[in-house]
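In the numbering used here, the protein residues as written are 145 to 468.
Report on one structure; see the data block that follows.
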Ligand SMILES: NC(=O)c1ccc[n+]([C@@H]2O[C@H](COP(=O)([O-])OP(=O)(O)OC[C@H]3O[C@@H](n4cnc5c(N)ncnc54)[C@H](OP(=O)(O)O)[C@@H]3O)[C@@H](O)[C@H]2O)c1
């Protein structure tokens, strides 16, 4: 079936996730009001899936943008699919609901459509939650994500979230969660970095076999925020092979990078705060890459993580020591 801007993927719990979502992370030097305006513009254009997180520090503004578009009649609450993320310092079971309630309060929403564990590892709460804050070093914690998960299941039962999932989990960690004794709800998704340099084909195959939807971030090669990304990595949108495929279709490298992931059946998150690019990114449904071009683009894979979160690499739950 042809993909359109309205295509939604049915999750294992019956909820439906729009196949294209707006990313909202921006480095702290970008005024929060810019993301707020961009979110309003995106909703007016037809974006219905909005990805954010407590740790991005902008849920107040993103929530205000969503509510203003509900208030002016552009959308109803049930049209919007909002994803929030539980930060790693809220993994102790007694803190999980508190972490969610902070997001709900900031957003001024009654519920979140999808709430995911941001990473598989836990860190100790230190007061400042900004992991890029050099004055507050990250201190590892050892909360088992299976016990965090039980507290998330309770949040779903309480009606505060419609769906629960994970992010940045590797296969072994997913297996452990799925085989947790007494598991009540499976994670509906695994949100991971995924693009032409990291196409995640093995993780996708595994997730598919377990009815877990893969959601891709950094599809355009990431925000390249120096706090998170090694700036000596190649710029994805400047890749010459990507450029030659794009030229064939008279499209931009960004459009081809997004189609490549969408055509694999993976949900795409793309961040832009520029109206012109928001429009361009929402317009990737009017062309189809051929199987040969997909094959060519598959050849670009080099297992490159733009956001490896290396500060956590000694943590026993660091996900990227495994192949996938
Ligand atoms: N779960 C996680 O751990 C995790 C990690 C990272 C990201 N995420 C989520 O995924 C979202 C997207 O990932 P990302 O922020 O890493 O970056 P991304 O979407 O790969 O790329 C964003 C960058 O590309 C630029 N851009 C957007 N559209 C473009 C176009 N058509 N042509 C050229 N450049 C374009 C943006 O600039 P302009 O804004 O100026 O257009 C921005 O600098 C995030 O915002 C966040 O919601 C989740």
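For each residue, glycine too, the CB sits at the ideal point set by N, CA and C.
According to DSSP, simplified to helix, strand and coil, what is residue 356? The count along the chain shown starts at 1 and reaches residue 356 at position 212. The answer is coil: DSSP assigns residue 356 none of H, G, I, E or B.
Need the endpoints of the beta strand (DSSP E) that residue 160 sits in, please. As a working note, residue 160 is residue 16 in the chain shown. 160 to 162 is the extent of the beta strand (DSSP E) around residue 160.
Segments assigned alpha helix (DSSP H), at least 4 residues, entirely inside the stretch 278 to 322: Whole alpha helix (DSSP H) segments, 4+ residues: 289 to 301 and 315 to 322.
Counted within 10 angstroms of its Cβ, other Cβ atoms place residue 403 as buried (16 or more) or exposed: In the chain shown, the residue the question calls residue 403 occupies position 259. The residue in question, residue 403, is buried, as its Cβ has 16 or more Cβ neighbours within 10 Å.
Considering just the uninterrupted stretch of the beta strand (DSSP E) at residue 412, what are its terminal residues? Numbered from 1 along the chain shown, position 268 holds the residue referred to as residue 412. Segment 411 to 415, the beta strand (DSSP E) holding residue 412.
Count the C-beta pairs between the stretch 408 to 426 and the stretch 157 to 173 that are closer than 8 Å, then say yes if the count reaches three, no if not. yes
What three-state label does DSSP hand residue 262 in the structure shown? For the purposes of this step, residue 262 is identified with residue 118 of the chain shown, where counting begins at 1. Looking at residue 262 - three-state DSSP - the assignment turns out to be coil, as it is neither helix nor strand.
CB-CB length for residue 239 against residue 261, believed under 8 Å: One-based indexing of the chain shown puts residue 239 at position 95. One-based indexing of the chain shown puts residue 261 at position 117. No, residue 239 and residue 261 are not in contact; Cβ-Cβ is about 12 Å, not under 8 Å.
Within this structure, are the beta carbons of residue 256 and residue 228 separated by less than 8 Å? Here residue 256 refers to the residue found at position 112 of the chain shown. Here residue 228 refers to the residue found at position 84 of the chain shown. Against a cut-off of 8 Å, the Cβ pair of residue 228 and residue 256 comes out as a contact.
Label residue 379 either buried or exposed according to how many other C-beta atoms from any shown protein chain fall within 10 Å of its C-beta, with 16 as the threshold for buried. Taking the chain shown and counting its residues from 1, the one referred to as residue 379 is at position 235. Exposed: under 16 other Cβ atoms inside 10 Å.
Hey, would you say the C-beta of residue 374 is under 7 Å away from at least one heavy atom of ligand 1? The count along the chain shown starts at 1 and reaches residue 374 at position 230. Checking every heavy atom of ligand 1 against the Cβ of residue 374, none is found closer than 7 Å.
Taking only the alpha-carbon atoms, compute the straight-line gap between residue 212 and residue 188 and give it to the nearest angstrom. Residue mapping note: residue 212 aligns to position 68 of the chain shown, counting from 1. Residue mapping note: residue 188 aligns to position 44 of the chain shown, counting from 1. Whole-angstrom Cα-Cα distance: 11 Å.
So the candidates are 193, 221 and 173; which of them puts its Cα closest to the Cα of residue 202? For the purposes of this step, residue 202 is taken as the residue at position 58 of the chain shown. Of 193, 221 and 173, the residue nearest in Cα terms is 173.
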